[in-house]
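This report refers to the structure that appears directly beneath it.
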Amino acid sequence: MNVRIRRLAREYEKLLAEVAASEFVRIEVVSGNPPSSYRVTYRLPGLAWDEAEDSAKPLSEHVVDIYLPLGYPKKQPNCTMRTPTWHPNIGDYVCIGDYWSPGVTLVDIVAHIGDMIQYKSYNLHSPVNRAAADWASSRTGSFPVGDITILTADACDAVGGLPSAESAIDDISIDLGPVRNRL
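If you're matching positions, the sequence shown starts at 223 in the numbering used here and goes up one per residue.
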């Protein structure tokens, strides 16, 4: 089994373990065995632009298609937004370039997009949607628009994600003193 297939299988197992039970996210496999294409539906507070009223309005459901290309994990996932989400880093696609590295898991990406939808995460300096960036830059005190966490601490601990408070305690001490002469 090649590296990509093993990684795809691990990503799917991790999604099932950490995200599948969430009331805020629904994961559907679109294609592949193991899956390489997913449709993710978020039930999170976000925003959409209302042309008629020329203002941002609440939107509570957001759909993203995530495709893991042939070069994955060296190549980043393609994330295509299917709902009209108003966000500086979301247009027809979701810009995860500032966040992505080959060590980032699909679970991390799903959680990060959830944070983006809620304006917990946004980058005004390299926007996909300049109008949303201009709008957001004058309203930074209004964010985030939601405070829902997709991943629980228990889910992260179960598979080696973020450390719990107990496991974060450092038991190493280092004494820095004068350099000894070595003969």
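Quick reminder that beta carbons are idealized off the backbone N, C-alpha and C, glycines included.
Nearest to Pro295 by alpha carbon, out of Leu230, Lys342, Glu250, Val367?
The residue labelled residue 295 in the question sits at position 73 within the sequence shown. Comparing Cα positions, the closest option is Leu230.
For Lys279, write down the residues that DSSP places opposite it in a beta bridge.
On the sequence shown, position 57 is the one that residue 279 refers to. Per DSSP, the beta bridge partners of Lys279 are Ala270.
What residue range does the beta strand (DSSP E) around Arg261 cover?
Reading the sequence shown from its first residue, position 39 is the one you call residue 261. Residues 257-264.
Classify Lys197 as buried or exposed, calling it buried when 16 or more other Cβ atoms lie within 10 Å of its own Cβ.
Absent from the model: residue 197. The displayed extent of the chain is 223 to 405, so no value can be given.
Going by the DSSP bridge assignment, what does Val247 pair with across the sheet?
Residue mapping note: residue 247 aligns to position 25 of the sequence shown, counting from 1. Note: Val247 sits in a beta bridge opposite Tyr264.
Counting only the same chain and skipping the five closest in sequence on each side, list residues whose C-beta sits under 7 angstroms from that of Ala314.
By 1-based counting over the sequence shown, the position of residue 314 is 92. Note that residue 314 is Asp in the sequence shown here, rather than Ala. Only Thr302, Met303 meet the Cβ criterion.
At a cut of 8 angstroms, does the stretch 349-366 reach the stretch 253-266 through at least three beta carbon pairs?
Short answer: they don't touch.
Of the residues Asp272, Gln340, Ile227, which one's Cα is nearest the Cα of Gly293?
The residue given as residue 293 occupies position 71 in the sequence shown. Nearest option by C-alpha distance: Ile227.
Can you tell me which of the three DSSP states Gly293 falls into?
Position 71 of the sequence shown holds residue 293. Gly293: coil per DSSP, three-state reduction.
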